[in-house]
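Trainee: Chains as they are written, first to last, in the working numbering: chain H, 1 to 366; chain R, 1 to 344.
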Amino acid sequence: MIYLDNQATTPLAPEAREAMLPWLGGPDSSGFANPHSPHRPGRMAAAAVEIAREKVAALLPPGGRVVFTSGATEALNLAIAGCGARTIAYSAIEHAAVSEPCRAVDPAAVELAVDSDGLIDPAISLPSGVELVCVMQVNNEIGTIQPVAQLAERARAAGALFLCDAVQGAGKLAPPEGADLIAISAHKLYGPKGIGALWVRDGVRLEPLMRGGGQEGGLRSGTLSPALCAGFGAAAELALRKMAEDEAHLRALWQAARAALPGFTLNGSADQRWPGNLNAWHDGLDVARLMSDLRTIAFSAGSACASGSGKPSHVLGAIGLEDKKTRSSIRLGFGRYTRMSEVVEACTQIAAAADAQQEFGVAGHD
Amino acid sequence: MISGSLYLDHAATTPLLPEARAALLEGFARWANPSSPHASGRAARAALEDARDRLKAALGWSGEVVFTSGASEALAIALTRCAQPLAAISAVEHDAVLRLAGDAPRWPVGSGTGLVEAGWAVPTGLVAVQQANNETGVIQPLDRVAEEIRAGGGWLLADCAQSAGKIALPDADLIALSAHKFGGPIGVGALLVRNWAMLRPTGGQERGYRPGTENVPGVLAMVAALQAGNDWLAHALRLRCRLEAELVAAGAGVVSEQAPRLPTIGAYRMPGRAANAQLIRFDAMGIAVSAGSACSSGSLKASHVHSAMQQEGASEVIRVSLGRETREADVDRFVSVWKDVASP
Numbered sequence: 001m002i003y004l005d006n007q008a009t010t011p012l013a014p015e016a017r018e019a020m021l022p023w024l025g026g027p028d029s030s031g032f033a034n035p036h037s038p039h040r041p042g043r044m045a046a047a048a049v050e051i052a053r054e055k056v057a058a059l060l061p062p063g064g065r066v067v068f069t070s071g072a073t074e075a076l077n078l079a080i081a082g083c084g085a086r087t088i089a090y091s092a093i094e095h096a097a098v099s100e101p102c103r104a105v106d107p108a109a110v111e112l113a114v115d116s117d118g119l120i121d122p123a124i125s126l127p128s129g130v131e132l133v134c135v136m137q138v139n140n141e142i143g144t145i146q147p148v149a150q151l152a153e154r155a156r157a158a159g160a161l162f163l164c165d166a167v168q169g170a171g172k173l174a175p176p177e178g179a180d181l182i183a184i185s186a187h188k189l190y191g192p193k194g195i196g197a198l199w200v201r202d203g204v205r206l207e208p209l210m211r212g213g214g215q216e217g218g219l220r221s222g223t224l225s226p227a228l229c230a231g232f233g234a235a236a237e238l239a240l241r242k243m244a245e246d247e248a249h250l251r252a253l254w255q256a257a258r259a260a261l262p263g264f265t266l267n268g269s270a271d272q273r274w275p276g277n278l279n280a281w282h283d284g285l286d287v288a289r290l291m292s293d294l295r296t297i298a299f300s301a302g303s304a305c306a307s308g309s310g311k312p313s314h315v316l317g318a319i320g321l322e323d324k325k326t327r328s329s330i331r332l333g334f335g336r337y338t339r340m341s342e343v344v345e346a347c348t349q350i351a352a353a354a355d356a357q358q359e360f361g362v363a364g365h366d
Numbered sequence: 001m002i003s004g005s006l007y008l009d010h011a012a013t014t015p016l017l018p019e020a021r022a023a024l025l026e027g028f029a030r031w032a033n034p035s036s037p038h039a040s041g042r043a044a045r046a047a048l049e050d051a052r053d054r055l056k057a058a059l060g061w062s063g064e065v066v067f068t069s070g071a072s073e074a075l076a077i078a079l080t081r082c083a084q085p086l087a088a089i090s091a092v093e094h095d096a097v098l099r100l101a102g103d104a105p106r107w108p109v110g111s112g113t114g115l116v117e118a119g120w121a122v123p124t125g126l127v128a129v130q131q132a133n134n135e136t137g138v139i140q141p142l143d144r145v146a147e148e149i150r151a152g153g154g155w156l157l158a159d160c161a162q163s164a165g166k167i168a169l170p171d172a173d174l175i176a177l178s179a180h181k182f183g184g185p186i187g188v189g190a191l192l193v194r195n196w197a198m199l200r201p202t203g204g205q206e207r208g209y210r211p212g213t214e215n216v217p218g219v220l221a222m223v224a225a226l227q228a229g230n231d232w233l234a235h236a237l238r239l240r241c242r243l244e245a246e247l248v249a250a251g252a253g254v255v256s257e258q259a260p261r262l263p264t265i266g267a268y269r270m271p272g273r274a275a276n277a278q279l280i281r282f283d284a285m286g287i288a289v290s291a292g293s294a295c296s297s298g299s300l301k302a303s304h305v306h307s308a309m310q311q312e313g314a315s316e317v318i319r320v321s322l323g324r325e326t327r328e329a330d331v332d333r334f335v336s337v338w339k340d341v342a343s344p
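1. I need the boundaries of the beta strand (DSSP E) containing E207(H), first residue and last residue.
2. Establish whether the CB of S69(R) and some CB of chain H are separated by less than 8 Å.
3. Buried or exposed for V248(R), please, with buried defined as at least 16 other CB atoms from any protein chain shown within 10 angstroms of its CB.
4. At a CB distance below 8 Å, what residues from the region 199-224 of chain R approach chain H? Give them in sequence order.
5. Please return the same chain residues whose Cβ sits closer than 8 Å to the Cβ of A256(H), not counting the five positions on each side in sequence.
6. Using a threshold of 8 Å, state whether the C-beta atoms of V200(H) and L209(H) are closer than that.
7. Excluding the 5 residues flanking A89(H) on each side, which residues of the same chain have their C-beta closer than 7 Å to its C-beta?
8. Beta-carbon of P11(H) versus every beta-carbon of chain R: anything under 8 Å?
9. Quick check on DSSP: helix, strand or coil for H10(R)?
10. Give the residues of chain H in contact with D9(R), contact being defined as C-beta atoms less than 9 Å apart.
11. Opposite C164(H) in the DSSP bridges: which residues?
12. Does N277(H) come out as helix, strand or coil in the three-state DSSP assignment?
13. Applying a beta-carbon distance threshold of less than 7 Å, which residues of chain R neighbour F232(H)?
14. Compare the C-alpha of V98(H) against each of L321(H), L181(H), D5(H) and name the closest.
15. Got a sec: is the Cβ-Cβ distance from H38(R) to anything in chain H below 8 Å?
16. With burial defined as no fewer than 16 other Cβ atoms inside 10 Å of the residue's Cβ, what is the status of S3(R): buried or exposed?
17. Would N33(R) pass as an interface residue toward chain B - the criterion being a Cβ-Cβ separation below 8 Å?
18. When the Cα of R194(R) is compared with those of I287(R), K56(R), L25(R), which residue comes out closest?
19. I'd like to know whether the C-beta of S341(H) is nearer than 8 Å to at least one C-beta of chain R.
20. If distances are taken between C-alpha atoms only, which option among I175(R), M222(R), S5(R) comes closest to A23(R)?
21. Looking only at its chain, what residues have a beta carbon closer than 8 Å to the beta carbon of A72(H), apart from the 5 residues adjacent to it on each side?
22. Classify A121(R) as buried or exposed, calling it buried when 16 or more other Cβ atoms lie within 10 Å of its own Cβ.
23. Got a sec: which bits of the region 145-176 of chain R sit with their beta carbon under 9 Å from any beta carbon on chain H, in order along the chain?
24. By the 8 Å beta-carbon criterion, what residues does the region 212-225 of chain H contribute toward chain R?
25. Can you tell me whether V129(R) is helix, strand or coil according to DSSP?
26. Within 10 angstroms of its Cβ, does F360(H) collect 16 or more other Cβ (buried), or is it exposed?
27. Interface residues of chain R around T338(H) at Cβ under 8 Å?
28. Please list the residues of the region 192-209 of chain H that have a C-beta atom closer than 8 Å to any C-beta atom in chain R, keeping them in chain order.
29. What are the residues that DSSP puts in a beta bridge with V193(R)?
30. Can you check which of these residues, I2(H), I120(H), A19(H), Y3(H), is closest to S225(H) by C-alpha distance?
31. Near P344(R), what residues of its chain come up, given a Cβ to Cβ distance below 7 Å and the 5 sequence neighbours on each side ignored?
32. Starting from V67(H), trace the beta strand (DSSP E) both ways and give me its first and last residue.
33. To the nearest angstrom, report how far apart R17(H) and A236(H) are at their CA atoms.
34. Below 8 Å on the Cβ atoms is my guess for G320(H) versus S116(H); work out the distance and round it to an integer in Å.
35. A174(H) to G64(H), Cα distance in whole Å?
36. Excluding sequence positions up to five away, which residues of its chain have a Cβ less than 6 Å from the Cβ of L59(R)?
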């Protein structure tokens, strides 16, 4: 299996797996206590959590704190429902984990349009009275990098909070500047599933979603897993250390993929993008058939979350792609552990299968 | 364990079972996103759905299952998204229920027993009553409670964080559980719901009832822990009887001694010694026990559980909780340190 779906999830880094093992111990070990217990094993677990918190914080701007959550979806829900904003604007290409909670809080929430390159104009006018502006750092479907620093400045000038979904950018790019709230997820940066974090700028007040034991300064109740925290911390540390190397690797993969897919047209900006993502369409391509033809290649037709739904991608819709081209689009996601030979092999197979479809025709499928 | 140290705080969390650890590590290798439509994603999806079926079989549950990050989240979903408004909670619920309950009426508990009172006029709606208390181990009579709640058309939400995997699930309409209390990993749990109509969906994964990428390794490990069984509880009960006989002989009071209790949890009063002072002494001797719940320990506020049951000398009560690997020698060592701490 060639795995080209690194926006859906990334493989666990061996270093992250290793960091978790001491905290997955049995009764003969010291690594299982509840980090909220005041006794010695509890304090040791709490220390592991705090070390991990420092490592995760290193991916984020100074001047804020890291609140561990079960993942980015929870972090985003906590930010949106907890910040007290009633009037919200969010970009048209946000993940459902942003747009759904925004609409739940503000049914009249305003969608900020993107251009045909999948970018928001940093000079876009914000609705008057807006209290929360949500724009993601890197789009999960088309990989475009948004001008979040400028947008955060605009939000601040308008008196609004700025929330950045940095799930796809964290550990890969410098953190978004000027944001008040940043959500990230471990399993998108080669850490474990089941943990994420919300970064909260000092002075920003939030109301919790989950109450109970009062962990995480009362912002997020629930026993923290030292293992998941340690795995997240190790993944964050590694991502920071390998940031330039990873990006250079992905840039080489992206260029090779682009060259091996001559019949495909890129979706989203070619320059303002994360090279781990390649979203492109091919005239007349039946993606469902392509996926069933190429069972040894794991790739996606849209965002994984929406893939099972059969709904057309809202992101490709937002950049103005016609329905027909949207349905003929594929998403390839490269990662740190993707090899050049895999990319070449997979793209050669995809190109051949796409050409064969055209040659033998799939008339009627559209 | 740290050399020479003794862990008797299994109600806070208990070590990962070897079966659960193996399943977790296997799950780490099966890391695809279960929402992805490609073969790896479908394999992860199949593993997740198989685990759901195995969890239902292990618990004897025929309703629906929503995997969550733990019991706190399961309770938050039940309390904020139930189709019936919250009508009441018992006075001894965990903070995860209490702090989302606002000023909902409190179902009083008997003094000394901690059991919800019979004959209380139960308001109609969602009523939260835990199966077993985290501080005292007291098991509520949920069959009777469910009957009283349903007589008025209400539903029972049972927090089974302490009891799931140990005793049979109650006949409740909604049930919250947490893997790390029965030998699974921290960071995963479930909300069981009799049918989907009882909850309002939000969209996203778990049939639209819990958005967020599923923690497949965690779920696999949770189910493996459940399937490992609980034969050891009979042994735990014998150990606790031994412990209590010794402690009572040394002047201890046993909280809710006459009430049905989980075999693994006991709360004991050492007259004349503040709980926090006791904890420091036990900790110095390498023994991990607690005063009340892990989350509230460290705070100086009185336990609402002990207040609700009018426990005498509540500030002198500590919790001892036993686990699968607790041995007779551990109990004896605890008793000997207890006597030392209690001596004038």
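Note that the Cβ used here is the ideal one computed from N, Cα and C, for glycine as well.
Mentor: Taking the geometry as given:
1. Here E207(H) belongs to no beta strand (DSSP E), and DSSP marks it neither H nor E.
2. yes
3. exposed
4. T202, G203, G204, Q205, P211, G212, T213, E214, N215, V216, P217, G218
5. M340, V343, V344, C347
6. no
7. A109, V110, L112, L126, P127, V130, V133
8. yes
9. coil
10. A33, N34, S37, H39, P41, G42
11. I182(H)
12. strand
13. Here the premise fails: no neighbours, minimum Cβ distance about 11 Å.
14. L181(H)
15. yes
16. Legend: pLDDT at S3(R) = 46, less than 50; position of this residue unreliable, value from coordinates given subsequently. By the neighbour-count rule (16 or more Cβ atoms within 10 Å), S3(R) is not buried but exposed.
17. The structure shown contains no chain B; the protein chains it does contain are H and R.
18. K56(R)
19. no
20. M222(R)
21. A97, D165, V167, A183, I184, S185, K188, G196
22. exposed
23. none
24. G212, G213, G214, Q215, S221, G222, T223, L224, S225
25. coil
26. exposed
27. Within 8 Å Cβ-Cβ: nothing; T338(H) doesn't reach chain R, min ~14 Å.
28. P192, K193, G194, I195, L209
29. E64(R), L174(R)
30. A19(H)
31. none
32. 64-69
33. 13 Å
34. 5 Å
35. 15 Å
36. L169
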